[in-house]
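Engineer: If you read the sequences in order, they're chains A and B. Take any residue in the first sequence, count from 1 to its spot, add 5: that is its number in my numbering. Take any residue in the second sequence, count from 1 to its spot, add 116: that is its number in my numbering. Positions of the beta carbon are idealized from the N, C-alpha and C atoms, including for glycine. This is the structure I want to talk about, given as structure tokens.
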Amino acid sequence: MDAAMLSRLQFAVAVFFHFIFVPLTLGLSLMVAWMETRYVKTGDEVWLKHTKFWGKLFLINFALGVVTGISLEFQFGTNWSRYSEFVGDIFGSLLAIEATVAFFLESTFIAVWHFGWKKIGKKLHCLCAWLVFFAGNISALWIIIANGFMQHPAGYVLRNGRAELESFRDVVANPYALGIFSHVIITAWMLAGFFVLGISAWHMLKETHREFFRRTFRMAAPFTLVAALLVALTGDIHGKNVSAYQPAKLAAMEGHWETAKPAPFYLLVVPNEAKEENSIEAIGIPGLLSFLSFGDFSAEVKGLKDFPKQDRPPVAPVFWSFRAMVAFGMLFIFMAFWATWQRKQEVPDQRLMKLLPWMIPLPYLSIALGWAVAEIGRQPWIVYKLMRTSDAVSPVPAEHVAITLTGFVCVYALLGLLDILLLIKYARKGPEEA
Amino acid sequence: MLATIWFVLWCLLWAVYFVLDGFDLGMGALLPFLARGEGERRVMYNAAGPFWDGNEVWLIAAGGVTFAAFPKTYAVMFSALYLPLLLLLFMLIFRAVSFEFRNKIDNSLWRRFWDLVHFLSNFVAAVLLGVAFANLFKGIPIDQAGVFKGTFFTFLSPYALAGGVFFLFVFMLHGALWLCFKSQDQLQERALAAVCLLWPVVLVLLGAFLVLTSFYTGTFGVYLERPVLFAIPLVAVAGFVGVKAMFTRRKFLMAWLCSAVFIIGVTFFGVVGMFPNMLISSLDPAFSVTVFNGCSSELTLKIMLGVALVMVPIVLLYQFWAYRLFSHKLDADEIASDKHAY
Numbered sequence: 006m007d008a009a010m011l012s013r014l015q016f017a018v019a020v021f022f023h024f025i026f027v028p029l030t031l032g033l034s035l036m037v038a039w040m041e042t043r044y045v046k047t048g049d050e051v052w053l054k055h056t057k058f059w060g061k062l063f064l065i066n067f068a069l070g071v072v073t074g075i076s077l078e079f080q081f082g083t084n085w086s087r088y089s090e091f092v093g094d095i096f097g098s099l100l101a102i103e104a105t106v107a108f109f110l111e112s113t114f115i116a117v118w119h120f121g122w123k124k125i126g127k128k129l130h131c132l133c134a135w136l137v138f139f140a141g142n143i144s145a146l147w148i149i150i151a152n153g154f155m156q157h158p159a160g161y162v163l164r165n166g167r168a169e170l171e172s173f174r175d176v177v178a179n180p181y182a183l184g185i186f187s188h189v190i191i192t193a194w195m196l197a198g199f200f201v202l203g204i205s206a207w208h209m210l211k212e213t214h215r216e217f218f219r220r221t222f223r224m225a226a227p228f229t230l231v232a233a234l235l236v237a238l239t240g241d242i243h244g245k246n247v248s249a250y251q252p253a254k255l256a257a258m259e260g261h262w263e264t265a266k267p268a269p270f271y272l273l274v275v276p277n278e279a280k281e282e283n284s285i286e287a288i289g290i291p292g293l294l295s296f297l298s299f300g301d302f303s304a305e306v307k308g309l310k311d312f313p314k315q316d317r318p319p320v321a322p323v324f325w326s327f328r329a330m331v332a333f334g335m336l337f338i339f340m341a342f343w344a345t346w347q348r349k350q351e352v353p354d355q356r357l358m359k360l361l362p363w364m365i366p367l368p369y370l371s372i373a374l375g376w377a378v379a380e381i382g383r384q385p386w387i388v389y390k391l392m393r394t395s396d397a398v399s400p401v402p403a404e405h406v407a408i409t410l411t412g413f414v415c416v417y418a419l420l421g422l423l424d425i426l427l428l429i430k431y432a433r434k435g436p437e438e439a
Numbered sequence: 117m118l119a120t121i122w123f124v125l126w127c128l129l130w131a132v133y134f135v136l137d138g139f140d141l142g143m144g145a146l147l148p149f150l151a152r153g154e155g156e157r158r159v160m161y162n163a164a165g166p167f168w169d170g171n172e173v174w175l176i177a178a179g180g181v182t183f184a185a186f187p188k189t190y191a192v193m194f195s196a197l198y199l200p201l202l203l204l205l206f207m208l209i210f211r212a213v214s215f216e217f218r219n220k221i222d223n224s225l226w227r228r229f230w231d232l233v234h235f236l237s238n239f240v241a242a243v244l245l246g247v248a249f250a251n252l253f254k255g256i257p258i259d260q261a262g263v264f265k266g267t268f269f270t271f272l273s274p275y276a277l278a279g280g281v282f283f284l285f286v287f288m289l290h291g292a293l294w295l296c297f298k299s300q301d302q303l304q305e306r307a308l309a310a311v312c313l314l315w316p317v318v319l320v321l322l323g324a325f326l327v328l329t330s331f332y333t334g335t336f337g338v339y340l341e342r343p344v345l346f347a348i349p350l351v352a353v354a355g356f357v358g359v360k361a362m363f364t365r366r367k368f369l370m371a372w373l374c375s376a377v378f379i380i381g382v383t384f385f386g387v388v389g390m391f392p393n394m395l396i397s398s399l400d401p402a403f404s405v406t407v408f409n410g411c412s413s414e415l416t417l418k419i420m421l422g423v424a425l426v427m428v429p430i431v432l433l434y435q436f437w438a439y440r441l442f443s444h445k446l447d448a449d450e451i452a453s454d455k456h457a458y
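Next up, the structure:
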């Protein structure tokens, strides 16, 4: 393998691993801040115990999110130096703003929250929880604006052999970035919802701390349902961005080879990349793909064959990731609806309670699939239509990248395993005396 | 002009990073030598506990600013220093998880394992930072296109290794001073004994490093051209003398602050000594990446300056508040009964 492929693998390992920890941070911080607010408002000690119980899980998860984030910032320079030089004027400043505006805030106040229980008053402590929530989510906004520039470059001008900033406003208000951001944030909140539901259901089923966890079950179920519905809605809105700005990605997502007007949507599709067709294509709904892509049943949808071969993304991984993600999304709505339906029952449906703990990994998986669609679907470009991924890699020897890639895989596997075991340990342990 | 302002800010960010993360790196490297028993070890972890994470963000900010204000420097520097930087990264990862994981399982073997990881990761990270910066001062073999022409061993020249040892001891002195401030009783006395030992060692290393610097780098040339800049090393030396004056009077916070001034002085001395270069090519001075050929567009520099002028004082303000909040002396018994402590 060459340095480019190894660097892509290394970045994929690092970014997917990082994003195991980030979504729970984004969503659970909201729920912990809300629990602490309930405690401050009502003085009810049970909410304090909840804050500490879920807060502990939050902290165990947070640690790995931080350290794996730094590795991404390093890798732009170490492995993608030509890319960095080309877009640094814009992309670099977004990362720098993220650090100064959001990340300092998050990491300083998470420490005050963690260690400050006896040092500061209740209200100030609760404010720290909210600051951590806002800082984390704003941090995600800046990072996704940076990603948005790779997906749909805006506000730039090509000068001095690089992309230079022309309008900061256009970079920040990039519709593509805001589309991804809303979809990602809501999904992260939904993931946290399923995390809380799963752990609560596990304890309720075990009859350990039953009353204690009924409270978070009742709180999380409707939250998760609203989030799951918004995930579908924001996904649909963002899908229209993809249709408008990255038609090749859309065609790969749908296994759509021939340009058609109107374009039907097939429920059963098995794409065959070598033959440039679908081996199976059945149960078509006329005009639906046109409608899903452009909100118009008669719109034209460009097919993959209309793009030169060297400008097409690999079809199979994009297609299957997208289908699986959408299927999971429907499952999430169903499960969240079921949980909301059952939330006030004295003894909720046992089948639901047994299933919910097993639901915890699925939002993680679907988020990874979604990012696979976004990033593999953008190929062969690193910056859409401006720079190819193969032109972006650093002039480093492939052996060096192979060494560090092996290091990343080993270290991350070990740390990820330990972190998940610790999460399980503390989740099963239940609340401590406040 | 804008680019020069950013060069100074860039230097300042690194200096603040070294001051803040320097003491927890140094304390980590001193862990096996100073702490006796579980209680004292936990005091050392918790002396850095509420701070290390916020401190490390200064590294992210310094890296981010290099990327934003000097993209070419960032690209060439990070790809040329590929292996040392990723090694540093792994060390910082291990350092972070050693804080987080150590006290999560009640088993002495588990704790001792993370103690070892904590010591090694802090120790190696401190050395690597020194090696990396010494290489910057000295110059590295990069060609016209910014492609690195050396091997991993290119970075391990005598001067670079001297830089690594120098940084390690400066950080250990800085960390021992912080521990004097945060601990009490026997641990404090042992930390003070370490300070008394480390100060003359750093003095000798400082002298040696300056001699080597005049021999291996063009640093002094920059100063001789603009003698007013000699104020920077003078500030550093004043800080260093202040350390001695303060710790002998047992004013440990003041001694630590003097050490901070010393570190800021040393960082500025080295980095300003490269000006206008940011990345010196040892193959041909014409290949060097400078402040002017490696900087971002004027618009980006202006916007970033605005962000920095507003945000950095705010960050410093709330981090100062957080430091004051946790400035109390640590007590082993109190930590043992605190479920939230490391």
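Smallest Cα separation from VAL106 of chain A: which of B:LEU425, B:ILE451, B:PHE436 and B:TRP437?
Structural biologist: Ranking the options by Cα distance to VAL106 of chain A, first place goes to B:LEU425.
Engineer: For PHE122 of chain B, which three-state DSSP category applies?
Structural biologist: The amino acid occupying residue 122 of chain B in the given sequence is Trp; Phe does not appear at that position. Reduced to three states, the DSSP call for TRP122 of chain B is helix.
Engineer: Could you tell me which of B:ALA457, B:GLN435 and B:GLY422 sits nearest to ALA101 of chain A, measuring between CA atoms?
Structural biologist: For ALA101 of chain A, the nearest C-alpha among the options comes from B:GLY422.
Engineer: Pull up the distance between the alpha-carbon of ALA140 of chain A and that of TRP39 of chain A, whole angstroms please.
Structural biologist: Cα to Cα, the separation comes out at about 15 Å.
Engineer: Going by DSSP, what residues sit across from GLY289 of chain A in a beta bridge?
Structural biologist: In DSSP, GLY289 of chain A forms a bridge with A:TYR271.
Engineer: Take the Cβ of ASN165 of chain A as the centre, count every other Cβ of all protein chains shown within 10 Å, and call the residue buried at 16 or more, exposed below.
Structural biologist: Looking at its Cβ environment, which holds fewer than 16 other Cβ atoms inside 10 Å, ASN165 of chain A is exposed.
Engineer: For TRP437 of chain B, does the count of other Cβ atoms within 10 angstroms reach 16, so buried, or fall short, so exposed?
Structural biologist: When all chains shown are included, TRP437 of chain B counts as exposed.
Engineer: If you pair each beta-carbon of the region 194–203 of chain A with each one of the region 22–37 of chain A, do three or more pairs fall below 8 Å?
Structural biologist: Segments in contact, yes.
Engineer: What residues in the region 420–432 of chain A bring their beta carbon closer than 7 Å to a beta carbon of chain B?
Structural biologist: Taking 7 Å as the Cβ-Cβ cut-off against chain B, the residues of the region 420–432 of chain A that qualify are LEU420, LEU423 and LEU427.
Engineer: For the region 288–313 of chain B, which residues have a CB atom closer than 9 Å to at least one CB atom of chain A, in sequence order?
Structural biologist: Those would be none; no residue qualifies.
Engineer: Does the Cβ of GLY300 of chain A have 16 or more other Cβ atoms within 10 Å, making it buried, or fewer, making it exposed?
Structural biologist: Burial call: exposed.
Engineer: Give me the subset of the region 211–231 of chain B whose CB atoms are less than 9 Å from a CB atom of chain A, sorted by chain position.
Structural biologist: The region 211–231 of chain B vs chain A, Cβ under 9 Å: ARG211, ALA212, VAL213, PHE215, GLU216, PHE217, LYS220 and ILE221.
Engineer: Taking the beta strand (DSSP E) that TYR417 of chain A belongs to, which residues open and close that run?
Structural biologist: Premise fails: TYR417 of chain A lies in the alpha helix (DSSP H), 403–434, not in any beta strand (DSSP E).
Engineer: Step through the CB atoms of chain A and report whether any lies within less than 8 Å of the CB of PRO166 of chain B.
Structural biologist: Yes, contact with chain A.
Engineer: Establish whether the CB of TYR190 of chain B and some CB of chain A are separated by less than 8 Å.
Structural biologist: So, interface residue.
Engineer: Which chain B residues are close to ASP311 of chain A, counting only those with a beta carbon under 7 Å from its beta carbon?
Structural biologist: Per Cβ cutoff of 7 Å: no residues; ASP311 of chain A is ~35 Å from chain B at best.
Engineer: Taking the C-alpha atoms as reference points, what is the distance between ARG328 of chain A and LEU273 of chain A?
Structural biologist: If I take the Cα positions, the gap works out to 10 Å.
Engineer: Within 8 Å (strictly less), CB to CB, does ALA424 of chain B reach chain A?
Structural biologist: Taking Cβ atoms only, chain A reaches closer than 8 Å to ALA424 of chain B, which makes this a yes.
Engineer: Give me the DSSP bridge partner(s) of LEU170 of chain A.
Structural biologist: LEU170 of chain A pairs with A:TYR161.
Engineer: In this structure, how does DSSP classify ALA439 of chain A when only helix, strand and coil are distinguished?
Structural biologist: Residue placement at ALA439 of chain A is poorly supported in this model, since its pLDDT is 49, which falls under 50; the coordinates still yield a value, given next. Here ALA439 of chain A sits in coil by DSSP.
Engineer: Leaving aside the five residues before and after MET175 of chain A along the sequence, list all residues of the same chain whose C-beta is less than 6 Å from its C-beta, in chain order.
Structural biologist: Per the sequence presented here, residue 175 of chain A reads as Asp, with Met not at that position. Only ALA159 and GLY160 meet the Cβ criterion.
Engineer: Could you work out which residue in B:ASP301, B:PHE264 and B:MET193 is closest to ALA248 of chain B when comparing CA atoms only?
Structural biologist: For ALA248 of chain B, the nearest C-alpha among the options comes from B:MET193.
Engineer: Using a Cβ-Cβ cut-off of 7 Å (strictly less than) and excluding sequence neighbours within five positions of PRO180 of chain A, which residues of its own chain qualify?
Structural biologist: So the qualifying residues of the chain are ASN246.
Engineer: For SER12 of chain A and chain B, any beta-carbon pair shorter than 8 Å?
Structural biologist: For SER12 of chain A, the answer is no, since every Cβ of chain B falls outside 8 Å of its Cβ.
Engineer: Find the residues of chain A that neighbour PRO260 of chain B, judging by a C-beta separation of less than 9 Å, and give them in chain order.
Structural biologist: With the sequence shown as reference, residue 260 of chain B is identified as Gln, and Pro is not the correct amino acid for it. Neighbours of GLN260 of chain B on chain A: none; closest Cβ ~12 Å, over 9 Å.
Engineer: Opposite MET36 of chain A in the DSSP bridges: which residues?
Structural biologist: Paired residues: none, contrary to the question.
Engineer: Report yes or no: is there a C-beta of chain B within less than 8 Å of the C-beta of PRO400 of chain A?
Structural biologist: So yes, PRO400 of chain A belongs to the interface.
Engineer: Would you check if the distance between the CB atom of ASN66 of chain A and the CB atom of LEU428 of chain A is smaller than 8 Å?
Structural biologist: Against a cut-off of 8 Å, the Cβ pair of LEU428 of chain A and ASN66 of chain A comes out as a contact.
Engineer: Between the alpha carbons of LYS124 of chain A and LEU272 of chain B, how many angstroms are there, rounded?
Structural biologist: Approximately 46 Å between the Cα atoms of the pair.
Engineer: Determine the direct distance from the alpha carbon of ALA206 of chain A to that of PRO318 of chain A, and round the result to whole angstroms.
Structural biologist: Spanning the two alpha carbons is a distance of roughly 41 Å.
Engineer: Would you mind sorting ASP301 of chain B into buried or exposed? The rule is 16 or more other CB atoms within 10 Å of its CB.
Structural biologist: Exposed: under 16 other Cβ atoms inside 10 Å.
Engineer: From the beta carbon of ILE372 of chain A, is the nearest beta carbon of chain B less than 8 Å away?
Structural biologist: So, not an interface residue.
Engineer: Of the choices B:ASN409, B:ALA242, B:ARG211 and B:ILE419, whose alpha-carbon is the least far from that of PHE186 of chain B?
Structural biologist: Of B:ASN409, B:ALA242, B:ARG211 and B:ILE419, the residue nearest in Cα terms is B:ASN409.
Engineer: Using CA coordinates, which residue listed in A:ALA8, A:SER284, A:SER303 and A:GLU282 is at the minimum distance from ILE290 of chain A?
Structural biologist: For the residues A:ALA8, A:SER284, A:SER303 and A:GLU282, the minimum Cα distance to ILE290 of chain A belongs to A:SER303.
Engineer: Determine, for ASP169 of chain B, whether the minimum Cβ-Cβ distance to residues of chain A falls below 8 Å.
Structural biologist: So yes, ASP169 of chain B belongs to the interface.
Engineer: Skipping 5 residues on each side, what residues in its chain have a beta carbon closer than 7 Å to that of ALA164 of chain B?
Structural biologist: ASP140 and MET143, listed in sequence order.
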